[in-house]
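>
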Amino acid sequence: MPKPKDTAQVRSFLGLINHYGAFVPKMRQLRAPLDALLKKEAPFKWNAACEIASERAKEVLSSDLLLTHYNPELPIIVAADASDYGIGAVISHRYPDGTEKAVYHASRSLTDAEKNYGQIEKEGLALVYGVRKFHRYIYGRRFTLLTDHKPLLAIFGSKKGVPAYSANRLQRWRLTLLAYDFDIEYRNTSDFGQADALSRLIAAQSPPEEDVIIAKIAHDINAIFKDNVNHLPVTAKEVAHATAEDDTLRQVLDHVTHNNWPKKPSPTVARYAHLRNDLSIQQGCLLFGSRIIIPPSLQPAILKMLHGGHPGMNRMKALARSYVFWTRINEDLENLVRTCTYCQEAAKSPVKNTLCSWPRPNSPWSRIHIDFAGPHEGISYLVIVDAFSKWPEVIPMTYHQHRNHEGTQPPLFPIRISSYHCLR
22 MPKPKDTAQV RSFLGLINHY GAFVPKMRQL RAPLDALLKK EAPFKWNAAC
72 EIASERAKEV LSSDLLLTHY NPELPIIVAA DASDYGIGAV ISHRYPDGTE
122 KAVYHASRSL TDAEKNYGQI EKEGLALVYG VRKFHRYIYG RRFTLLTDHK
172 PLLAIFGSKK GVPAYSANRL QRWRLTLLAY DFDIEYRNTS DFGQADALSR
222 LIAAQSPPEE DVIIAKIAHD INAIFKDNVN HLPVTAKEVA HATAEDDTLR
272 QVLDHVTHNN WPKKPSPTVA RYAHLRNDLS IQQGCLLFGS RIIIPPSLQP
322 AILKMLHGGH PGMNRMKALA RSYVFWTRIN EDLENLVRTC TYCQEAAKSP
372 VKNTLCSWPR PNSPWSRIHI DFAGPHEGIS YLVIVDAFSK WPEVIPMTYH
422 QHRNHEGTQP PLFPIRISSY HCLR
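Just so you know, we're using the numbering used here here: the sequence shown kicks off at 22 and counts up by one.
(1) With residue 315 as the anchor, note down where its beta strand (DSSP E) starts and where it stops.
(2) Does any C-beta atom of chain B lie closer than 7 angstroms to the C-beta of residue 199?
(3) Would you identify the three-state DSSP class for residue 321, choosing helix, strand or coil?
(4) Is residue 273 helix, strand or coil when you go by DSSP?
(5) Report all residues from its chain with a CB closer than 8 angstroms to the CB of residue 96; omit the five preceding and five following residues, and keep chain order.
(6) In the DSSP assignment, what residue or residues form a beta bridge with residue 392?
(7) So, helix, strand or coil for residue 55, using DSSP?
(8) Alpha carbon to alpha carbon, what distance is there between residue 149 and residue 199?
(9) So, at 6 angstroms on beta carbons, what are the nonlocal neighbours of residue 353 in its own chain, with the 5 sequence-adjacent residues on each side left out?
(10) Please report the distance separating the alpha-carbon of residue 205 from that of residue 173.
(11) Could you pull out every residue in the same chain whose Cβ sits closer than 8 angstroms to the Cβ of residue 333, ignoring the five residues on either side in sequence?
(12) What's the call for residue 287, buried or exposed, on a 16-neighbour Cβ count within 10 Å?
(13) At which residues does the alpha helix (DSSP H) containing residue 157 begin and terminate?
(14) Grab me the residues of residue 158's own chain with a C-beta within less than 8 angstroms of its C-beta, minus the 5 sequence neighbours each way, in chain order.
(15) Classify residue 349 as buried or exposed, calling it buried when 16 or more other Cβ atoms lie within 10 Å of its own Cβ.
(16) Measure from the alpha carbon of residue 127 to the alpha carbon of each residue in 136, 107, 135, 118, then state which is nearest.
(17) Would you kindly work out how many angstroms separate the C-alpha atoms of residue 137 and residue 261, rounded to a whole number?
(18) For residue 139, count the other beta carbons within 10 Å of its own beta carbon; 16 or more makes it buried, fewer makes it exposed. Which is it?
(19) Please report how far the alpha carbon of residue 342 lies from the alpha carbon of residue 311, in whole angstroms.
(20) Going by the DSSP bridge assignment, what does residue 303 pair with across the sheet?
(21) With distances taken between CB atoms, is the gap from residue 385 to residue 409 smaller than 7 angstroms?
(22) Under the three-state reduction of DSSP, which class applies to residue 197: helix, strand or coil?
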């Protein structure tokens, strides 16, 4: 744990000390030199007294006075928190009198990619890191998971499943946590001293080798993002550049990164504020769930792609929901169809043929329906369905058999059908 460099880091360190104050005699005298640094208008000057107080506090925090042995009979609490550059977690026992004592502390710095996560994703990563770090203590038994980020309660604690548009990382992390038996609780940041301090006061060091599951999820999310971008007529770099150039999206990008949403945002930012828990960042691009948020300057190109082939209103909306998003996207799609001459002419001339239904046969295999399916992985299939029983027969076909069935040569399927079902 490095020496604090400013009053903010001193305040975090004192929060950690204060969390365990009930177990340390003469705590007030111990922290007095550090408290002096927080006085109003006092200059930040780290002197010998501060250094002695800091080192003594670290000795106390790592002593048997505060840490306790793991006891499988006592309730377990796992608390985790994240800062802009690190994550920290602590596993503790809760005693019958309500006090808590730590069993083990853990923390690490964020990778360069993780530093670009939105705050809700950093907090979610901290929870998964803590659970995975303390796996041997908690797997197979019930425990309490603590967070100081309320939106995670609805995502990780909901019995109804993950919200549909939650960021992909959060959805994958929730699936990881389903292997554990826990209750998740919210605790105010002011009462979250131990995990909060561990996330903020970690030493400047390279992150250790990543947890395999966390790394695999990160790889999968990146693959999904690349696949979505490949469907677009623009590149990820173009989207990221246009996002940074747009005044509204630039503000949203900053709010997602630092979790500093204003209480009264501007009207344009407010359109995204109510989506804050579902927003994330990937390679400089904003995402709503897994959908890429398209800046205004690139929206005409996306609309042109969606309307290629004049697929109709519902088809375009379904296609857009797979890859892209911006506020009022549905209105833009509807206006596009209304102003398209071809679409309007087609709407005025609907197909006049009425649907007809087949009469129900009286016995099995008195009428069959036949069609080809595929090719799938280079193989076509002859599909035969009995109209009476709905029994299907699926016969793999070689290329030459497929061509023969389409030509004049007699088909092969009666040989198979008659041997089993006595085709009438």
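Idealized CB from N, CA, C, for every residue including glycine.
Considering the structure as presented:
(1) Element bounds for residue 315: n/a, residue is neither H nor E.
(2) Among the protein chains of the structure shown there is no chain B, as only one such chain exists.
(3) helix
(4) Residue 273: helix per DSSP, three-state reduction.
(5) 114, 115, 164, 165, listed in sequence order.
(6) 404
(7) helix
(8) Spanning the two alpha carbons is a distance of roughly 11 angstroms.
(9) none
(10) 9 angstroms
(11) 358, 364
(12) exposed
(13) Boundaries of the alpha helix (DSSP H) around residue 157: 156–159.
(14) 91, 97, 112, 124, 125
(15) exposed
(16) Answer by Cα proximity: 107.
(17) 13 angstroms
(18) buried
(19) 9 angstroms
(20) 306
(21) For residue 385 and residue 409, yes; Cβs fall inside 7 angstroms.
(22) Three-state DSSP puts residue 197 in a helix.
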